[in-house]
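Structure first, commentary second.
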Amino acid sequence: MLNKSSEENKTTNVLSSSLEENIDEVKNIFVDDATIGMRWITNCHNTTLKYCIVQNDGLVSAAIINENIIKPLMLSKVSLNKGQQIDILIHQVISTNQIKKTNQWQEIIEAVTYGDTILFVDGEAEALLLNSKGFNTRAIAEPSGERILSGPREGFCEALMINLSMVKRRIRNNELKIKFQSFGVRTHTQICICYIDSVVNKKVLAELYRRLETIDIDGVLDSNYITEFIRDSKLSPFPTTGYTERPDVVVGKLLEGRIALFVDGSPVVLTLPYLFIENFQSNEDYYLSYYYTSFERFLRFWGFILSITVPAFYIVIVAFNQEVLPTTLLTNIVRERTGVPLPAVIEAIVMLILFDILKETGIRLPTGIGQALSIVGALVVGQSAVSAKLVAAPMLIVVAITAITGLLVPKLNAPVIYIRMMLIAMSATLGLLGFIAGISIIMTHILNLHSFGIPQMVSLDNLKYQEVKDTFVRGPWWKMIDRPSALTKNKTRLSGDDRGDND
Amino acid sequence: MIKRLISIVLIIGICIPLSGCWNYRGLNKVSIVTGVAIDRNTENNNYQLTIETIDVSGAGKEGTGKSQLVEGEGKTIFEAVRNAKKRLSKKLYVSDVKVIIISNQIARQEGIKPSLDWFVRDAETRETAIPVISQEKTAKEILAASGVDGKIISEELEKIINSDREITASTKKIASYQTFDILLGGEKTALVLPAVHCTSNKDKKVVEVNGTAVFKEDKLQGYLSPEETHYYLFAVDEIAGGITTFPLNKENQDSLALEISKNKTKKSYSYDGNRLKVFLDISTTAMLGEVNFDIDILKKNNIEEIKLAANLAFLQRIEAVIQKGRMEFNCDIFGVGTMIHKSDPVLWSKLKENWDYYIQTMEVEVRPEVVIVNTGLTK
Numbered sequence: 000m001l002n003k004s005s006e007e008n009k010t011t012n013v014l015s016s017s018l019e020e021n022i023d024e025v026k027n028i029f030v031d032d033a034t035i036g037m038r039w040i041t042n043c044h045n046t047t048l049k050y051c052i053v054q055n056d057g058l059v060s061a062a063i064i065n066e067n068i069i070k071p072l073m074l075s076k077v078s079l080n081k082g083q084q085i086d087i088l089i090h091q092v093i094s095t096n097q098i099k100k101t102n103q104w105q106e107i108i109e110a111v112t113y114g115d116t117i118l119f120v121d122g123e124a125e126a127l128l129l130n131s132k133g134f135n136t137r138a139i140a141e142p143s144g145e146r147i148l149s150g151p152r153e154g155f156c157e158a159l160m161i162n163l164s165m166v167k168r169r170i171r172n173n174e175l176k177i178k179f180q181s182f183g184v185r186t187h188t189q190i191c192i193c194y195i196d197s198v199v200n201k202k203v204l205a206e207l208y209r210r211l212e213t214i215d216i217d218g219v220l221d222s223n224y225i226t227e228f229i230r231d232s233k234l235s236p237f238p239t240t241g242y243t244e245r246p247d248v249v250v251g252k253l254l255e256g257r258i259a260l261f262v263d264g265s266p267v268v269l270t271l272p273y274l275f276i277e278n279f280q281s282n283e284d285y286y287l288s289y290y291y292t293s294f295e296r297f298l299r300f301w302g303f304i305l306s307i308t309v310p311a312f313y314i315v316i317v318a319f320n321q322e323v324l325p326t327t328l329l330t331n332i333v334r335e336r337t338g339v340p341l342p343a344v345i346e347a348i349v350m351l352i353l354f355d356i357l358k359e360t361g362i363r364l365p366t367g368i369g370q371a372l373s374i375v376g377a378l379v380v381g382q383s384a385v386s387a388k389l390v391a392a393p394m395l396i397v398v399a400i401t402a403i404t405g406l407l408v409p410k411l412n413a414p415v416i417y418i419r420m421m422l423i424a425m426s427a428t429l430g431l432l433g434f435i436a437g438i439s440i441i442m443t444h445i446l447n448l449h450s451f452g453i454p455q456m457v458s459l460d461n462l463k464y465q466e467v468k469d470t471f472v473r474g475p476w477w478k479m480i481d482r483p484s485a486l487t488k489n490k491t492r493l494s495g496d497d498r499g500d501n502d
Numbered sequence: 000m001i002k003r004l005i006s007i008v009l010i011i012g013i014c015i016p017l018s019g020c021w022n023y024r025g026l027n028k029v030s031i032v033t034g035v036a037i038d039r040n041t042e043n044n045n046y047q048l049t050i051e052t053i054d055v056s057g058a059g060k061e062g063t064g065k066s067q068l069v070e071g072e073g074k075t076i077f078e079a080v081r082n083a084k085k086r087l088s089k090k091l092y093v094s095d096v097k098v099i100i101i102s103n104q105i106a107r108q109e110g111i112k113p114s115l116d117w118f119v120r121d122a123e124t125r126e127t128a129i130p131v132i133s134q135e136k137t138a139k140e141i142l143a144a145s146g147v148d149g150k151i152i153s154e155e156l157e158k159i160i161n162s163d164r165e166i167t168a169s170t171k172k173i174a175s176y177q178t179f180d181i182l183l184g185g186e187k188t189a190l191v192l193p194a195v196h197c198t199s200n201k202d203k204k205v206v207e208v209n210g211t212a213v214f215k216e217d218k219l220q221g222y223l224s225p226e227e228t229h230y231y232l233f234a235v236d237e238i239a240g241g242i243t244t245f246p247l248n249k250e251n252q253d254s255l256a257l258e259i260s261k262n263k264t265k266k267s268y269s270y271d272g273n274r275l276k277v278f279l280d281i282s283t284t285a286m287l288g289e290v291n292f293d294i295d296i297l298k299k300n301n302i303e304e305i306k307l308a309a310n311l312a313f314l315q316r317i318e319a320v321i322q323k324g325r326m327e328f329n330c331d332i333f334g335v336g337t338m339i340h341k342s343d344p345v346l347w348s349k350l351k352e353n354w355d356y357y358i359q360t361m362e363v364e365v366r367p368e369v370v371i372v373n374t375g376l377t378k
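Top to bottom, those sequences are chains A and B.
Residues 0 to 502 (numbering that gives the first Met the number 0) are what the first sequence spells out, left to right.
Residues 0 to 378 (numbering that gives the first Met the number 0) are what the second sequence spells out, left to right.
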């Protein structure tokens, strides 16, 4: 609309001083948009003072407009002169918390569509943008994707300011920096970059700004839109930026020197840089006993390793290196395999895809149908396939282990699918040789991953407790002296006196 | 780019030593061989192999499957195995062979080395198979017998031999690679392999381990009964359990049983220029397992008496076995040669020439020392 009208009349980029002309222009800009409401106001003490407010129904709070904008304008006894009243209006008449002067139509359009009220004043070539946002947002609730047993249960919602408020409440410090940018040629989505000034790695910050500049997109609906533009190794299935829906996680990452990137309209907040170990970390690790959570870490590591290797290794054993099996196990597997028509490889691929289908339908379905699905999955596919000798029973166990362990590391679900299939293919053609080759390729790839110039894996050349305290185990808090060395130059987290003096 | 290419080549290169052999083999196309019995067909002088495989077809929830025998003949063992395949739709999978049963004719007349060669040389066979000697007319009869615990004779036999050491101590387990170590060792230690025979149990013909077979070089010389083997194991310090039964004295022939819990045998020797003397210091820790007569074991004298009786029984029986090995089989079943070789190679090279003579003439002194640590009952 804007483009069309501005092409017709170049002069309409800025406001004119005639109220009627401006209102005509508003009507012209928002033609065919029935939600734009206008209201003419005349001051009751001085009828020469005419105003018109423009607001977008549904985005505004009627109470604010009635009480703080219309009422003072109508009843104001402040002496005003036509053509010189803008500043007096701002300072003495209108009682909203945010007021901004502008003479740019573009700014007016963005403000109206975000719930601001525009005050056009007769005889002024400037309009006032008054904050009157009053749209409803989803309630703050625990994010269903990141449930925990204990710890803060707040989750982000879709409104940027509410999200920021949850973070600010947790870091009551002037070093928390919050900067806005807007992206999307059509959506003008607000994006907020958030970091702690004294902890953040300035190089990473500069790199982030540089990459953000390259974004060219018409709309941003979720933080993943941004992720795919700014991430490293764009073709890798491994994540190189983190995401979360929890304010406590964001604050934890900020304190370690990371940067958070909020996107208006999405509860998912990006955190970067992203280390490989973060795939295995959960905020709950820090809220429960470190004995317990260290074990959980161990489970997640093994879950990842098992999930990618179990089917491929099974194929290696069954098709190439039966020598590793003890006789009893060998006999059992031979017995199960006898009479099954398909080779183990095809069996594995079919069953794994079948499981992914079940998983995908389970996620999208309404909750009521989920049960029916699990019955179909467990009974029809599992039991019957085995008793009909379509699938060997050990394969079902293998698929079950693969599937369950895969769920331990939800952040790696994308790479896991592809790695698993790649390993299966390589194992099926080259046996253990292919398996080892596949593992080597994956290791090489993971060791090569960077996030904003920082290697995702820590090198082993300088192995110290402070480097591994939060990797394979979760060290106790009084031993978490340093921040992750890869992320920040400001190393020490604890001040000297409270260093673990228990030992 | 070149760097990257080289890295990829190196990555693939390192996989080869990391991963071992490469060979596709569908598990539903193999037949698992658990045991092989080797006989000699007297008519055409071929090896006659009886191969036991696991028949999984009937199996389901009721156990691990049945035994299935297939025969094959050939000039060599390998050829005989290949010939057996002609009767089978599946490939024979020989990596899980548990026992190699050799007929006593082959062992006595031609030696076991040629028969075992393929089992150690071939890539697919595993060197941990246990060679055993059949005391029946043919080795095949062993595989044709039935098991008590399991349906697969070779597996049952292997389990019996494996668990023998700690419970019954009546035979000696030795894997095929160790067999070859001894045969090629040049120290003239006698090879001792388990011997098996068939016996009747509840009207069924079942397999029983029956002591050991003693070899000179690779030729069978004779057998040690299970009891003799038991004392032989004392002499070579291989005992880890088992029961010794003996009478208290001449007047009281009722038996006592000792359960052996620990044993350490120290071998030493002296050589004064022409006479070789070997000492065996046997210190045994045992528990009193059974007493078949009235005796107050709380009395110190009585315990001493039991100890003396045990010492005497050990002395006599161990000496008897040693004598049998030296005189009857004319071989060094206790590894005296190995001991001398290790401690004094010069002396060994001197004695080696005339080793048979030294075996015959050497003096052996057995010095048993039994300690009874537990008498079980109090009163």
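Yeah, the Cβ is synthetic: ideal placement off N, Cα and C, and Gly gets one too.
Source: prediction; values computed, not measured.
Taking residue i as the reference, which of the options has the closest Cα?
i, options, result
"residue 195 of chain A", "A:293, A:69, A:167, A:188", "A:167"
"residue 322 of chain A", "B:26, B:16, B:237", "B:26"
"residue 140 of chain A", "A:381, A:252, A:152, A:148", "A:152"
"residue 123 of chain B", "B:240, B:100, B:236, B:94", "B:94"
"residue 186 of chain B", "B:262, B:215, B:193", "B:215"
"residue 470 of chain A", "A:442, A:275, A:369", "A:275"
"residue 257 of chain B", "B:279, B:319, B:167, B:195", "B:167"
"residue 342 of chain B", "B:107, B:259, B:268, B:220", "B:268"
"residue 307 of chain A", "A:286, A:348, A:162", "A:348"
"residue 68 of chain A", "A:57, A:48, A:130", "A:130"
Identify the contact partners of residue i in chain B, using a Cβ-Cβ distance below 8 angstroms as the criterion.
i, result
"residue 321 of chain A", "24, 26, 29, 92, 94"
"residue 318 of chain A", "23, 24, 25, 26"
For a contact defined as C-beta to C-beta under 8 angstroms, what are the partners of residue i on chain A?
i, result
"residue 100 of chain B", "Under the 8 angstroms cutoff, chain A gives no residues; its nearest Cβ is about 17 angstroms from residue 100 of chain B."
"residue 64 of chain B", "330, 334"
"residue 197 of chain B", "Chain A residues near residue 197 of chain B: none, gap ~23 angstroms exceeds 8 angstroms."
In three-state DSSP terms, what is residue i?
i, result
"residue 408 of chain A", "coil"
"residue 30 of chain B", "strand"
"residue 208 of chain A", "helix"
"residue 367 of chain B", "strand"
"residue 18 of chain A", "helix"
"residue 253 of chain A", "helix"
"residue 322 of chain B", "helix"
"residue 339 of chain A", "coil"
"residue 256 of chain B", "strand"
"residue 99 of chain A", "strand"
"residue 270 of chain A", "strand"
"residue 71 of chain A", "helix"
Given a cut-off of 8 angstroms, decide if residue j and residue i are closer than it, judged by their beta-carbon atoms.
i, j, result
"residue 112 of chain B", "residue 182 of chain B", "yes"
"residue 273 of chain A", "residue 241 of chain A", "yes"
"residue 211 of chain B", "residue 228 of chain B", "yes"
"residue 156 of chain A", "residue 266 of chain A", "yes"
"residue 191 of chain B", "residue 334 of chain B", "no"
"residue 83 of chain B", "residue 69 of chain B", "yes"
"residue 310 of chain B", "residue 367 of chain B", "yes"
Note down, in chain order, every chain A residue with its Cβ under 7 angstroms from the Cβ of residue i.
i, result
"residue 55 of chain B", "330, 333, 334, 337"
"residue 11 of chain B", "436"
Show which residues of chain B have a CB atom less than 9 angstroms away from the CB atom of residue i.
i, result
"residue 308 of chain A", "Near residue 308 of chain A there are no residues of chain B at all, since even the closest Cβ is about 14 angstroms away, more than 9 angstroms."
"residue 384 of chain A", "Result: empty, since nearest Cβ-Cβ is about 16 angstroms, beyond 9 angstroms."
Can you name the residues of chain A whose CB is closer than 9 angstroms to the CB of residue i?
i, result
"residue 154 of chain B", "326, 327"
Output the residue ranges of the alpha helix (DSSP H) runs that lie fully inside the region 171 to 250 of chain B and measure 4 residues or longer, sorted by chain position. Runs found: 175 to 184, 225 to 234.
Jot down the residue ranges of each uninterrupted alpha helix (DSSP H) in the region 352 to 402 of chain A, minimum 4 residues, whole runs only, in chain order. Here the runs fully enclosed are 366 to 374.
Continuous beta strand (DSSP E) assignments of at least 3 residues falling wholly in the region 123 to 201 of chain A: Whole beta strand (DSSP E) segments, 3+ residues: 126 to 129, 175 to 182, 188 to 195.
Return the chain-ordered ranges of every beta strand (DSSP E) run that is complete within the region 87 to 125 of chain B and spans a minimum of 3 residues. The region 87 to 125 of chain B contains, as complete beta strand (DSSP E) runs of 3+ residues, the segments 90 to 92, 98 to 102 (chain order).
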